Amino acid sequence: MGRWFDWYRGGAREVGSGSGDGTRVVRTHRWIVREAATARPVAFVAAEVCGAEVPGTREAMEPYFAGLVCVVDPDCHRRGFGPASVTAALASPELRDVSEFRCAVDEANAASRKAVERLGFTDYETTTQASTVVHHYRMAGPAAKQADARATR
Numbered sequence: 007m008g009r010w011f012d013w014y015r016g017g018a019r020e021v022g023s024g025s026g027d028g029t030r031v032v033r034t035h036r037w038i039v040r041e042a043a044t045a046r047p048v049a050f051v052a053a054e055v056c057g058a059e060v061p062g063t064r065e066a067m068e069p070y071f072a073g074l075v076c077v078v079d080p081d082c083h084r085r086g087f088g089p090a091s092v093t094a095a096l097a098s099p100e101l102r103d104v105s106e107f108r109c110a111v112d113e114a115n116a117a118s119r120k121a122v123e124r125l126g127f128t129d130y131e132t133t134t135q136a137s138t139v140v141h142h143y144r145m146a147g148p149a150a151k152q153a154d155a156r157a158t159r
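Each residue of the sequence shown is one higher than the one before, starting from 7 at the first, in the numbering used here.
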C-alpha cells in the first residue's frame, strides 16, 4: 500500500472536538474500498458527522452535516473507484441522519470536480487556502430528503 493511504492517520478530529466555528464532531466513519478481483485497497472514504454545538457542552445537536473525503490510489485513477466509493458511503445506513453532505475539491483537480457534480453535489463556495483555490460542494442528505417528504404530505 502506497503513501496515498497514509494521509488519513492524523486527519480526523477527535469525536466531541470542535473546529472553532460552532460545530462539534459527533462521529467519524471510515471505509476501505477494495478491488473485487484482487481485494487490494484502492480507495479510502471518510465521513465526519458534525452538528451545531450546544452552548456550554461538548455535545452537538441536529441537523447534522457530514464532511466527506475520498482518496483513490493514483494507480487506480479514472477507473470509477472514486464515484463508486462516494456513492456507497452516501447510501450507508450509518449516515441516514445526515441532512447535508459536504466536500471540498482543489480547483486543479478537474476530474474530481466533475465526478462530484455528476453525483449531484452543488458548488456553493470558492475559497483560497494556502494559495490553493478550493471549491466547496454540498448535497442534501437522507434526513433532509425525509423531512421534505414529510412536509409535502
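Just so you know, even glycine gets a beta-carbon here, dropped at the ideal spot from N, CA and C.
No experiment lies behind these values; they were computed from the predicted model shown.
Pairwise C-alpha distance: residue j and residue i
{"i": "Val39", "j": "Lys120", "result": "21 Å"}
{"i": "Ala66", "j": "Arg30", "result": "6 Å"}
{"i": "Ala58", "j": "Ala72", "result": "12 Å"}
{"i": "Tyr130", "j": "Arg124", "result": "15 Å"}
{"i": "Ala150", "j": "Tyr143", "result": "16 Å"}
{"i": "Glu134", "j": "Cys109", "result": "A small correction: the amino acid at residue 134 is Thr; Glu does not occupy that position in the sequence shown. Cα to Cα, the separation comes out at about 15 Å."}
{"i": "Pro89", "j": "Cys56", "result": "23 Å"}
{"i": "Thr63", "j": "Arg33", "result": "16 Å"}
{"i": "Gly126", "j": "Ser91", "result": "14 Å"}
{"i": "Pro47", "j": "Arg102", "result": "25 Å"}
{"i": "Pro80", "j": "Gly28", "result": "35 Å"}
Buried versus exposed call for residue i [16 or more other C-beta atoms within 10 Å across all chains shown]
{"i": "Ser118", "result": "buried"}
{"i": "Glu113", "result": "exposed"}
{"i": "Gly4", "result": "Residue 4 falls outside the range modelled here, since the chain spans only 7 to 159, and no answer is possible."}
{"i": "Ser137", "result": "exposed"}
{"i": "Val139", "result": "exposed"}
C-beta contact flag for residue i and residue j at 8 Å
{"i": "Val75", "j": "Ala49", "result": "no"}
{"i": "Gly69", "j": "Ser105", "result": "Correcting the residue identity first, residue 69 is Pro in this sequence and not Gly. Taking 8 Å as the Cβ cut-off, Pro69 and Ser105 qualify as a contacting pair."}
{"i": "Val111", "j": "His83", "result": "no"}
{"i": "Ala53", "j": "Ala95", "result": "yes"}
{"i": "Val60", "j": "Trp37", "result": "no"}
{"i": "Val145", "j": "Phe87", "result": "Reading off the sequence shown, one finds Met at residue 145, where the question assumed Val. Cβ distance not < 8 Å, so Met145 and Phe87 don't count as in contact."}
Residue span of the beta strand (DSSP E) that contains residue i, given as start and end
{"i": "Thr44", "result": "Counting along the chain, Thr44 falls outside any beta strand (DSSP E), and DSSP gives it neither H nor E."}
{"i": "Glu68", "result": "Ala66 to Val78"}
{"i": "Thr138", "result": "Thr138 to Ala146"}
Which ranges would you report for the beta strand (DSSP E) in the segment 94-129 if only whole runs of at least 3 residues count?
-> Secondary structure within the segment 94-129: the beta strand (DSSP E) runs of 3 or more consecutive residues, fully enclosed, are 104-112 (chain order).
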